[in-house]
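Chains as they are written, first to last, in this note's numbering: chain C, 1 to 221; chain V, 1001 to 1410.
Think of the CB as a built atom: it goes at the ideal place given N, C-alpha and C, for glycine as much as any other residue.
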Amino acid sequence: MTSHEPAGRPTVVLVDDHAMFRAGVRAEIGQSVDIVGEASTVAEAVATIAHLKPSVVLLDVHLPDGGGPAVLAAVRAQAPDTHFLALSVSDAAEDVISVIRSGARGYVTKTISGADLTDAIRRVAEGDVVFSPRLAGFVLDAFRDSDIGPVPSADPELDQLTPREQEVLRLLARGYSYREIGAELFISIKTVETHASNVLRKLQLSSRHQLTRWAADRRIV
Amino acid sequence: MGTTMTASRPFPPPPPRDPVSAPPGVPRLYRAVNGRRLGGVAAGLADYLHLPRWVVRLGFILLSFASGMGVLLYGAFWIVLKVRPGERENPRRAAIEYVVALAAGAIVLLANARTLPLGWWFLPSLLACFGAALLWRQASETERDRWRRLSRTSLTAGAFDRVGLLRMVAGVTLVLAGGVFILAQAGISAVGVGLVAMLVTVAGIGLITGPWWLKLVHELSEERRERIRSEERADIAAHLHDSVLQTLALIQRNASSPREVARLARSQERELRTKLYGAGVPNGQFGAALHAVAAEIEDTYAVTIDVVLVGDAALDARLEAMVAAAREAMINAAKHAGITSVSLYAEVSETEALVFVRDRGAGFDQDAIGPDRQGVRGSIIGRLERNRGTATIKSKPGEGTEVALKMEFS
Chain C
1 MTSHEPAGRP
11 TVVLVDDHAM
21 FRAGVRAEIG
31 QSVDIVGEAS
41 TVAEAVATIA
51 HLKPSVVLLD
61 VHLPDGGGPA
71 VLAAVRAQAP
81 DTHFLALSVS
91 DAAEDVISVI
101 RSGARGYVTK
111 TISGADLTDA
121 IRRVAEGDVV
131 FSPRLAGFVL
141 DAFRDSDIGP
151 VPSADPELDQ
161 LTPREQEVLR
171 LLARGYSYRE
181 IGAELFISIK
191 TVETHASNVL
201 RKLQLSSRHQ
211 LTRWAADRRI
221 V
Chain V
1001 MGTTMTASRP
1011 FPPPPPRDPV
1021 SAPPGVPRLY
1031 RAVNGRRLGG
1041 VAAGLADYLH
1051 LPRWVVRLGF
1061 ILLSFASGMG
1071 VLLYGAFWIV
1081 LKVRPGEREN
1091 PRRAAIEYVV
1101 ALAAGAIVLL
1111 ANARTLPLGW
1121 WFLPSLLACF
1131 GAALLWRQAS
1141 ETERDRWRRL
1151 SRTSLTAGAF
1161 DRVGLLRMVA
1171 GVTLVLAGGV
1181 FILAQAGISA
1191 VGVGLVAMLV
1201 TVAGIGLITG
1211 PWWLKLVHEL
1221 SEERRERIRS
1231 EERADIAAHL
1241 HDSVLQTLAL
1251 IQRNASSPRE
1261 VARLARSQER
1271 ELRTKLYGAG
1281 VPNGQFGAAL
1291 HAVAAEIEDT
1301 YAVTIDVVLV
1311 GDAALDARLE
1321 AMVAAAREAM
1331 INAAKHAGIT
1341 SVSLYAEVSE
1351 TEALVFVRDR
1361 GAGFDQDAIG
1371 PDRQGVRGSI
1381 IGRLERNRGT
1391 ATIKSKPGEG
1401 TEVALKMEFS
């Protein structure tokens, strides 16, 4: 969905505890990206990522010895240029929010098509943010109430979405691509991308206490 | 006695285990047939406890000096314990030994019944021994195993570390002290001292057996939890069998039809998610109703509908009309757009409800739709208008279709 092609093929590390799923992903996207490594546990993932420093890590949210957030916490400092795209069968808000708040740049479900996954990897490699419709819905829901909790926020700007950001998210939730959103709102794709990454930043940094509570309460799929 | 025995070895090898009645690692207590001196009780006990046989025998002999307790214990064991399955005793010898043992027991019993002060201790202890032996014999195999495990893990484990040893010594000391008190004051009518002695004794017994009781209670609740867990596992296994395995079988039979495979997989996925997370269970809410119609259309038309929901509200007549209109829009997309996936987005706030049904399919020219196309006009636009809402349709040939439904709450 981006306007320009990436300089080279992104290098990718697959982190998933199901060998069959890794093989499937490899078969589907191996033509268009360079899969340089695989890992099936948190420890393996940390070692592989720190060693290979790929441009993108496809990260399963659930791993037997921890999970996506544990990998992110352990390895982000060692591979600052690596971007993480979370990939999971779970659509639970709790999982989505926790892995995004740990630093992932996007979240897609495992039912995503090979072409869409390749596209998402490219965008994440370029530093963009990947919002699936469901993630957009979660964010809208989480930021919906005006109540931001008993603790006054250090940075109130982080705790609210602007009307424009809400519009962008709503269109993302309706299944629009960045290009279509740009056309709908009469703005450039670049502006749409900026709005999306601002929303991601707010999602990661906001001190809205009910963000976590909301995610935990809402065990919906 | 002991005429046929071989030289007793200080460390007998672990006896071969009966593969049916005792799983590996769970030795059972039997009377020994080989290497026994009398009834095989001491030898069997030694094998079971992995102690040298002479230690156990010495224990019985020493206990016998305590008013013949050892003799009685031995007799009780003899009566309740069986020999290992597959081994046979010489029946005549066994009968003779039995009679000898019973006679010895009777003599000990009679001798003690007359002597005070230990005499009045004697019958209750004897009864307790026989009671315990009977319980042991009546208990089911699993119960025995549990008791054995408990005694091994709690009593011995507790006793052989430093703290456990101290506790044991303190407890035994207190019990002895209490006993001495009682004996020393037996003649004097000193109720207060007797009471103190009793308390000391009880405290000692508590110290010795306390950990065992705690452990017993703990293990019992642990076991209850384990039972609940295994029931849950059985429940899940039954569910997986009824649904997932059936679906997998169907998928294999339909392997040549990708659309059918996708439909089956999707339907199974939805069912499993409902089971695991409880989503989409009809509960009188707008969101659940939308999930339900989306599921129905997925199953009927073999498409995937991605439902994204923000907010929720209780269903009323107007929202029901909205769900029905959304259903028509999804059916249209599934039937006419020539696609495999449809997006459904719904948002409910305090002031309004919005529903968007979008596909990236064929699209159509809105002006070219004849008045006979009731699907759109009647069941979507008309339905919303009758309920003070609006429906707008955006479509161009080749660019897909989006149906937007909007309803304001007054």
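Expressed to the nearest angstrom, what Euclidean distance is found between the alpha-carbon atoms of residue i and residue j?
| i | j | result |
| --- | --- | --- |
| Ala73(C) | Asp95(C) | 15 Å |
| Val1307(V) | Ala1313(V) | 16 Å |
| Gly67(C) | Val1403(V) | 39 Å |
| Leu1309(V) | Val89(C) | 18 Å |
| Leu1045(V) | Leu1051(V) | 8 Å |
| Gly1040(V) | Val1172(V) | 30 Å |
| Ile1381(V) | Phe138(C) | 29 Å |
| Ala1294(V) | Ile1339(V) | 15 Å |
| Leu158(C) | Arg105(C) | 17 Å |
| Asp65(C) | Tyr1301(V) | 40 Å |
| Leu14(C) | Gly37(C) | 6 Å |
| Arg1229(V) | Lys190(C) | 53 Å |
| Gln1288(V) | Gln78(C) | The residue asked about is misnamed: residue 1288(V) is Ala in this sequence, not Gln. Going from the Cα of Ala1288(V) to the Cα of Gln78(C) covers about 44 Å. |
| Arg1263(V) | Arg144(C) | 34 Å |
| Ala93(C) | Tyr1345(V) | 16 Å |
| Leu1216(V) | Glu1223(V) | 10 Å |
| Pro10(C) | Asp34(C) | 6 Å |
| Val1060(V) | Trp1054(V) | Note that residue 1060(V) is Phe in the sequence shown, not Val. For Phe1060(V) and Trp1054(V), the distance between alpha carbons rounds to 10 Å. |
| Thr1401(V) | Ala1237(V) | 43 Å |
| Asp116(C) | Ser177(C) | 11 Å |
| Glu1347(V) | Ile1393(V) | 18 Å |
| Gly1363(V) | Phe1356(V) | 15 Å |
| Thr41(C) | Ala1353(V) | 44 Å |
| Leu1048(V) | Ile97(C) | The identity of residue 1048(V) in the sequence shown is Tyr, whereas the question assumes Leu. Each residue's Cα considered, the two are about 57 Å apart. |
| Arg1327(V) | Gly1284(V) | 17 Å |
Does residue i get closer than 8 Å to chain C when you measure Cβ to Cβ?
| i | result |
| --- | --- |
| Leu1058(V) | no |
| Tyr1345(V) | yes |
| Ser1410(V) | no |
| Gly992(V) | Since the first residue of chain V shown is 1001 and the last is 1410, residue 992(V) is not available in this structure. |
| Asp1306(V) | yes |
| Phe1286(V) | no |
| Ala1356(V) | Sequence check: residue 1356(V) is Phe here, not Ala. Yes, Phe1356(V) counts as interfacial toward chain C. |
| Ala1333(V) | no |
| Gly1158(V) | Bear in mind that a pLDDT of 48 at Gly1158(V), under 50, signals an unreliable position, so the model cannot answer this. |
For residue i, I'd like the list of residues in its chain whose CB is within less than 6 Å of its CB, leaving aside the five on either flank, ordered along the chain.
| i | result |
| --- | --- |
| Met1069(V) | Leu1063 |
| Ser1341(V) | Thr1304 |
| Ser32(C) | Thr118 |
| Ala1333(V) | Val1342, Asp1359 |
| Ala1321(V) | Arg1383, Asn1387 |
| Ala86(C) | Leu59, Val61, Gly68, Val99, Ala104, Tyr107 |
At the 8 Å Cβ level, is residue i part of the contact set with chain V, yes or no?
| i | result |
| --- | --- |
| Leu140(C) | yes |
| Pro150(C) | Confidence at Pro150(C) is low in this model, with a pLDDT of 49, below 50, so its placement is unreliable and no value can be given for it. |
| Ala173(C) | yes |
| Arg9(C) | no |
| Pro232(C) | Since the displayed chain C opens at 1 and closes at 221, residue 232(C) lies outside it and no answer follows. |
| Arg179(C) | no |
| Pro69(C) | no |
| Gly137(C) | yes |
| Leu133(C) | According to the sequence shown, residue 133(C) is Pro rather than Leu. Cβ-Cβ to chain V under 8 Å: yes for Pro133(C). |
| Arg144(C) | yes |
Looking only at its chain, what residues have a beta carbon closer than 7 Å to the beta carbon of residue i, apart from the 5 residues adjacent to it on each side?
| i | result |
| --- | --- |
| His195(C) | Arg164, Glu165, Val168 |
| Ala1255(V) | Val1261 |
| Val129(C) | Arg105, Gly106, Ala196, Ser197, Leu200 |
Using DSSP's beta-bridge definition, name the partner residues of residue i.
| i | result |
| --- | --- |
| Ser1395(V) | Thr1401(V) |
| Asp1359(V) | Thr1401(V) |
| Arg9(C) | In the DSSP output, where bridge partners are listed per residue, Arg9(C) has none listed. |
| Thr162(C) | In the DSSP output, where bridge partners are listed per residue, Thr162(C) has none listed. |
| His107(C) | For the sequence presented, residue 107(C) should be read as Tyr rather than His. DSSP, once it has assigned bridges, lists Ala86(C), Phe131(C) as partnering Tyr107(C). |
| Glu1408(V) | Glu1352(V) |
| Arg1031(V) | Val1083(V) |
| Ser1343(V) | Asp1306(V), Arg1358(V) |
| Val15(C) | Ala39(C), Leu59(C) |
Short of 8 Å in beta carbon distance, which residues of its chain neighbour residue i, apart from the five on each side in sequence? Order them along the chain.
| i | result |
| --- | --- |
| Pro133(C) | Leu172, Ala173, Arg174, Gly175 |
| His83(C) | Ser55, Val56, Val57, Arg105, Val124, Ala125, Gly127 |
Cβ of residue i versus every heavy atom of the ligand GDP: is any distance shorter than 7 Å?
| i | result |
| --- | --- |
| Tyr1345(V) | Of ligands this structure carries none, so the ligand GDP is not represented either. |
Fully enclosed by the stretch 35 to 89 of chain C, which alpha helix (DSSP H) runs are 4 residues long or longer? The stretch 35 to 89 of chain C contains these whole alpha helix (DSSP H) runs: 42 to 52, 68 to 75.
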